[in-house]
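K.L.:
In the numbering used here, the protein residues as written are 195 to 473.
No residue lacks a Cβ here, since even glycine has one placed at the ideal position from N, Cα and C.
Computed from a prediction, not measured in an experiment: that's the story for all the values here.
Quick one: structure below, then a few questions.
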Amino acid sequence: MKFDSQFFSVFSECFPMLGTADHVMSEKLEGADLLVRKNSDGISGFAAVDGNTLLLLCVHPEHQGKGIGSSLLEEAEELIRSRGYDRAVLGRSERDIFWGAVIDTMSHRFFENRGYTAFNGTLSMFLDAEDIPSDGSSGRRALPEDLSYMTVDGGDISDVLEAVVRVEPKWLKFYENNTRSVIIKAVLSGKTVGFAMADTDAGTIITGKDNRTGLLGYVGVVPEERNRGIGLGMVAYAAEYMKSAGCTEVYVNYTSLDEWYAKLGFVENLWYWMGEKIL
């Protein structure tokens, strides 16, 4: 079953604050299993599953409170169980849609009441390009001498990979397999001490038909050089780079550093309750 305009209409009614373009959701849900409930007017609700991840559970507001969501969740859990998984996870997926139940809609209560628990939360944030200065002054404080920022698009990145391993080894695969993002790196006295990935044409859940979203991710600074403004300066540099590439906003997903990003003008978008359930 393919994600079409009827599915998108239900999604948009559930999350009107996002303004997501229909082609973005179609691409993100390509190949996912879609479970559906219909009435005489069309689709009243659906769930999207990938592996052991519940990507989406949407019920049209006019049909909520009628057991449709509970029925879809039970079917999704049974599908996950039939694949040999013993755990159902909400949202966390490289498809990069949601990273849990969206707290803003109180949907986490629905899952909590059905046996899901969470030990973590996260959020997404964005920065409007109009709020990004083009003179290199964004959020900068006095930075160490002999520090520079630069973009890397292809070529040898062994210095970046060495820094990534020291910060978060789980991110290594994203840098090694990167095919579409520019790498931003911070170089201090000839040594790479920071890194980030910048996709200047990312399809995200805030990407509408008339905007171009830059996606910033996997940002890190080696331990001994932290708390010197290097990371914040690198994010500012990346934001300025994405603005110059034509991005209308910069999006950061799956972070807990809301106060840190807010120093550059990023604002909160969605909070996520990262729930899961033992089946």
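Where does the unbroken beta strand (DSSP E) through ILE378 begin, and where does it stop?
P.N.:
Its beta strand (DSSP E) spans residues 376-382.
K.L.:
Got a sec? Which residues, its chain only, sit under 6 angstroms from ALA380 by beta carbon, not counting five neighbours each side?
P.N.:
Within the same chain, ALA380 has close Cβ partners TYR343, VAL387, GLY388, ILE424 and MET428.
K.L.:
From what residue to what residue does the alpha helix (DSSP H) around MET195 run?
P.N.:
From DSSP, MET195 is part of no alpha helix (DSSP H); its letter is neither H nor E.
K.L.:
Mind checking who CYS252 pairs with in its DSSP beta bridge?
P.N.:
Looking at the DSSP assignment, CYS252 forms a beta bridge with PHE240.
K.L.:
Using a threshold of 8 angstroms, state whether the C-beta atoms of ALA215 and GLY469 are closer than that.
P.N.:
Not closer than 8 angstroms, so no.
K.L.:
Let's see if you can read the secondary structure: which residues bound the beta strand (DSSP E) around TYR445?
P.N.:
Unbroken beta strand (DSSP E) run through TYR445: 443-449.
K.L.:
Can you tell me where the beta strand (DSSP E) holding PHE389 begins and where it ends?
P.N.:
Start and end: 385-396.
K.L.:
With H, G and I counted as helix, E and B as strand and the rest as coil, what does DSSP make of ALA295?
P.N.:
Three-state DSSP puts ALA295 in a strand.
K.L.:
With 16 other CB atoms within 10 Å as the buried threshold, where does SER318 fall?
P.N.:
When all chains shown are included, SER318 counts as buried.
K.L.:
Grouping DSSP H, G and I as helix and E and B as strand, with all else coil, what is MET428?
P.N.:
Here MET428 sits in helix by DSSP.
K.L.:
Taking just the CA atoms, how far does HIS257 sit from GLU434?
P.N.:
Going from the Cα of GLU434 to the Cα of HIS257 covers about 44 angstroms.
K.L.:
Using CA atoms only, rank isn't needed, just tell me which of LEU229, LEU409 and GLY440 is closest to PHE460.
P.N.:
That would be LEU409, whose Cα lies nearest to the Cα of PHE460.
K.L.:
Could you tell me which of GLU418, ASN233, ALA242 and GLU271 sits nearest to LYS260, measuring between CA atoms?
P.N.:
The shortest C-alpha separation from LYS260 is found at ASN233.
K.L.:
From which residue to which residue does the beta strand (DSSP E) around TRP467 run?
P.N.:
Taken as a continuous stretch (DSSP letters only), the beta strand (DSSP E) holding TRP467 covers 461-472.
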